[in-house]
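Worksheet for the structure shown next.
Chains as they are written, first to last, in the numbering used here: chain F, 20 to 369; chain B, 20 to 369; chain V, 20 to 369; chain H, 20 to 369.
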């Protein structure tokens, strides 16, 4: 089988690096172009990029010269983007216009009514919105966003609970990793022996995104799911892996064993199974009371699994639990690639 | 004025060290004895104690020989205890029996109906329970406990809100410092590049203690305050300073400016003012959205102030905020000393 | 091919866990028994062991019941030991007596004249000493030790330089990882926002071991290599990977390009090549001035490669460089397994 | 006594913040102006400065508007500078020309033959060079630099040893704190779970500066001291406090007790004693084998003391030891202020 040529926009950042690493030896996709900021155009990736992943930079990437993020220069049917939100707004549209499917980690389009925030474990049917993008915007391609890195894991858990019992209200307090802030990101003096109790714009995303993702596709729009989230987000001195403490009010009463069963039995929609990055398992339910922990558990399922622990009753709502998700794999680059795999499977690619 | 002789039980642990450091040059109290575990009896404190505070060990402590925690050997009217809960149960009672006032950081007696969990900023009138201890137990002295280090700061905040608006329900998620686990405490490999989402017994304490502290003294018992707390507690890689994210449902509606006023105007009960360790200010309300932070703000008011920030509306309850409190000063040794100062002021000491 | 049955002594510690992880799916060896401390005998490994590795515990290990470290109970031809030095002294001898080859990470036997400190990249011929053990001690098996985790990487570098230019004097200052201290090891409060400038017994090992490893086998003893090492060892807040800064006086003058060539061209002795854990490459020479770094480079060659950088002139001696080696893989469990592979290849096993 | 008006150039950086904090309530100097980068001119310091010190920002600073670093706007006799090297070159000269004494932490002028690198504990007589600046450059004021933060502590130790025994050769390997890199400085992802084995330009400074500081003033120049230093510098995850491991060859043989006596008996030159920031003690010799440690010992002598430990024989040179010095206090802002106090005492100020 011939591989599908793809490009990575803003490939030198930390999510860009994860795209490069996760697309190395991908069975379906082959990276043909990497783009960078203006001052790096023409430089080999290996020289322009300060690589911060423990996995070594693939050799094919090292010698690839950085290009501009221009559809005229980069003619491939599939684009992975980790552009900053501002730049994404214009550039991603131009690629979609020119016929490419853009799977993006940027937040720019997440709130457009005809753009899905796609989680294949949760709402693969939202991929239909790409058709409406084509109709309404005259695009030949389309845009699929993935969720914010903190929203991702908890939304997968909320999906299982929504299906099982319905959802009413959710308190979420996060302890987020440094890699979520990119490069150079958080200055080391800010976080050494410290916690930062605020992350710009994060709480708004965590409160809104799950409701769209869990919403119902009705005609050409999505009816947002009818529950409320209150979020408090914190940065802690951890390299990778976002932890979220949740207290949840269900739609109907459920015992802890019932909740645990629903979580560990949760299965991915048929259409999203068996893809190269399909998480295996989708949810890992840990029994030890001191788990999940970022350093020990973030790489379960190669970083694609949503790890859950401490499922227990809540004295105010129905239950409490802790969710861990690898923020630059499942919550960013891996999520975008999984989205692309789904889009390819349903035949909307090329 | 002649100083009151005092002793510190279990002086080599991290709270014991804080007692030593905070009692150095105390205007009212003079340390006459330090106790340690059996294998260290007779050794000079400077030799037996692995001192882990940045402030230097006082010279008077260095050369003091460790004694047994025995009332027969240690005859002083005031005892500070950082004994482990199990040992505290028997030993603290014996000192109280023998006539000493025991101000303890141990949890052993917190749930005895005639023992106060005393916070001078909140419930100085609970000191009356010591009289009932004397009547009912035949003790000549008495025991006053201080709250768990995580309960402490949030209870002071809850007191201000209870007075202003009443309280109904509280979600609390903590990010707690390493010093809260004592010495040797958390192994470094457990917390390096990591978060621990569980602290043994901690959530129970955080859910129960504030209700007793905020309760009303009625006859010889305390009517627990009528609100509910749900707590999730986490350990993070910070040396000192516990941070707690709170979402609070008040007894009646209040605007954020009203809440902020109530917090910044909160004043300590008359009887607890002007003591050597009275926090100044009692509550520090920070305006920057990224504060409080443990490393920068834990030493406000010499570590006795309760620091509050990010006061903002909550989409589910009424308001959200973040509380920071120095866990081994306000939340442990400093709290016990402040209790002793109050007890002395009301004339119950000696 | 039938696999060789092996056992791991003291399998619950951090080096023991690395043995379990690295022996999972090993092509030659199959773990038949795990031992633990007295209080855990009979418990399944998954219950007795607080697993601290990010790689998941293999399922076969989880359900294996812990045994005593007794040759009567554990009859396999190959033993991997991460016993503490004191226990190793007696127990390893009993296994060797009973006919097993013991590949040990303990230091107990390193200074016995008839026991090799074996590094297959450096001194595979020292394996001959096992024959003398059998003659002199009447053992049916034998003991091969591996070097201290800090000695390991630097000795491989010193070997290349010794071969190329001879060696006279070496200054070594280490920055060592937390996992080198085992479990529970360094208390987190000791290392948070801190460096420990001392590691018990470490400097002596680093100064002595390389001279034995680089010594010549002459008759039944080893003539220690004739150069001097001065070592200063420090503990830093890194999970894995020991960094050593070296200043080296060679036996004869050499330019930096000559030194670099000798390092990057260094090849493993014929007999030690092509084994399952043979490092590939043996030495990785990094060119960027800010490498090697523990987090980014410790897993090069699956943690078996010795990583070198910053090769440059020294104003006092001939050259300076920085060495990084994964302390629990190449410097401990991986080293012992590589030793066992070599011993099996030369036919001394069973 | 009326205080001397002073200004701080580049007051928003980390060394600038230390100047502000250390000059708060200084008995001789009063801050009249603070300067910042172009985009912050006119803003109150409290708004423009992201304060990263645990000590609270003084109120007088909070409301002071930032000015340009221009002698026309800032007419005070004493300037403290933490400008970057490039900007320092021009701006500091203009202030010196206009009549101000500039005590600077910048490296720009350290290698001018008529500019001293001044350590009052070591070479107060070098202050004479300011006279030659006035003669040769026509300046009405003058410039005194302080040493690099890593050079500082070790040079004070080397001075004691030079006086006692002479010096020949020194190996120095540093473990340096994050605050040495300023704000924003080292990205947190670069140092989390990591060590950086390279600091730009640092090794050159550490190898050169001590020889000038320890040199003899002869006529109008300084004869550099005749010994050699080899330096390797590393960054570690510590907030404050640089640790340096030294191996030293003396001019003549000395026993460890002789060395220890020389270090603990070292006394500051008469002229530099009794000033507001004179370290007390100048050198603190620690006896425990695991000290000094940055977190526990950096604040000895309010951060002005040079802390030494692990004095022991060296198998190659004569002795080894470990030095700790607070890099932003003794090694930067505190050092500059101490220099200014000395300059004022000798009557060269105003």
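All residues carry an ideal CB built from backbone N, CA and C; glycine is no exception. As the structure is a prediction and not an experimental result, all values here were calculated from the model.
Query: By the 7 Å beta-carbon criterion, what residues does the region 153-178 of chain H contribute toward chain V?; Result: none
Query: Closer than 8 Å, CB to CB, is residue 67 of chain B near chain H or not?; Result: no
Query: So residue 303 of chain F and residue 319 of chain F are in contact, right, with Cβ under 8 Å, and what is the actual spacing, rounded?; Result: 5 Å
Query: Return the first residue and the last residue of the alpha helix (DSSP H) that residue 104 of chain B is part of.; Result: 104-116
Query: If you draw a straight line from the C-alpha of residue 68 of chain H to the C-alpha of residue 204 of chain V, how long is it?; Result: 40 Å
Query: Any C-beta of chain B within less than 8 Å: which residues of the region 204-222 of chain V qualify?; Result: 204, 205, 206, 207, 208, 209, 210, 211, 212
Query: Ordered along the chain, which non-local residues of its own chain (more than five positions away) have a Cβ less than 6 Å from that of residue 122 of chain V?; Result: 99, 163, 355, 358, 359
Query: Would you kindly work out how many angstroms separate the C-alpha atoms of residue 189 of chain F and residue 168 of chain F, rounded to a whole number?; Result: 18 Å
Query: Going by alpha carbons, who is nearest to residue 213 of chain H out of V/207, V/185, V/261, V/235?; Result: V/261
Query: If I follow the unbroken beta strand (DSSP E) through residue 150 of chain F, where does it start and stop?; Result: Premise fails: residue 150 of chain F lies in the alpha helix (DSSP H), 148-156, not in any beta strand (DSSP E).
Query: Using a Cβ cut-off of 8 Å, pull out every chain H residue sitting near residue 309 of chain V, in sequence order please.; Result: 215, 216, 217
Query: Give, in chain order, every unbroken run of the alpha helix (DSSP H) that is at least 4 residues long and sits entirely within the region 217-277 of chain V.; Result: 221-232
Query: In the structure shown, what three-state DSSP assignment does residue 188 of chain F receive?; Result: strand
Query: Just to confirm, are residue 184 of chain V and residue 269 of chain V a CB contact at a threshold of 8 Å?; Result: yes
Query: Curious, which full-length alpha helix (DSSP H) runs of at least 4 residues does the region 23-102 of chain V contain?; Result: 33-42, 64-67, 78-81
Query: Judging by CA-CA distance, which residue of B/41, B/338, B/23 is the nearest neighbour of residue 30 of chain B?; Result: B/41
Query: I want to see whether chain H comes within less than 8 Å of residue 314 of chain B, judged by CB atoms only; does it?; Result: yes
Query: Do residue 250 of chain H and residue 226 of chain H have their CB atoms nearer than 8 Å?; Result: yes
Query: Whole angstroms is fine: what's the gap from residue 23 of chain B's alpha carbon to residue 90 of chain B's?; Result: 17 Å
Query: Closest by CA to residue 330 of chain F, which one among F/128, F/341, F/284?; Result: F/341
Query: Could you list which residues in chain V have their beta carbon closer than 9 Å to that of residue 73 of chain F, in chain order?; Result: 314, 315, 316, 317, 318
Query: DSSP beta-bridge partners for residue 195 of chain B?; Result: B/254
Query: 8 Å is my cut-off, CB to CB: does residue 246 of chain H come that close to chain V?; Result: no
Query: Does the Cβ of residue 305 of chain H have 16 or more other Cβ atoms within 10 Å, making it buried, or fewer, making it exposed?; Result: buried
Query: For residue 245 of chain H, is the classification buried or exposed, using 16 other Cβ atoms within 10 angstroms of its Cβ as the cut-off for buried?; Result: exposed
Query: Could you give the residue range of the beta strand (DSSP E) that holds residue 364 of chain V?; Result: Where residue 364 of chain V is concerned, there is no enclosing beta strand (DSSP E), although the alpha helix (DSSP H) it sits in stretches over 353-364.
Query: Could you name the residues that DSSP lists as bridge partners for residue 127 of chain V?; Result: In the DSSP output, where bridge partners are listed per residue, residue 127 of chain V has none listed.
Query: Under 8 Å, with one C-beta from each stretch per pair, do the region 62-77 of chain B and the region 93-110 of chain B reach the 3-pair mark?; Result: no
Query: Would you kindly check if the distance between the Cβ of residue 349 of chain F and the Cβ of residue 172 of chain F is under 8 Å?; Result: yes
Query: Got a sec, what are the start and stop residues for the beta strand (DSSP E) residue 291 of chain B sits in?; Result: Segment: none, residue 291 of chain B is in no beta strand (DSSP E) and carries neither H nor E.
Query: With 8 Å as the limit, tell me which residues of the region 332-357 of chain V have their beta carbon closer than that to any beta carbon of chain H; keep them in chain order.; Result: 333, 334, 335, 336, 339, 341
Query: If you count every other CB in all the chains shown that lies within 10 Å of the CB of residue 20 of chain B, and 16 or more means buried, which is it?; Result: exposed
Query: Strictly under 8 Å for the Cβ-Cβ distance: is residue 266 of chain F near chain H by that measure?; Result: no
Query: Under 8 Å Cβ-Cβ, which residues of chain B neighbour residue 226 of chain F?; Result: 334
Query: So residue 258 of chain V contacts chain H; which residues on that side make the cut at Cβ distance below 7 Å?; Result: 212
Query: Would you call the region 130-143 of chain H and the region 225-243 of chain H touching, i.e. three or more CB-CB distances under 8 Å?; Result: yes
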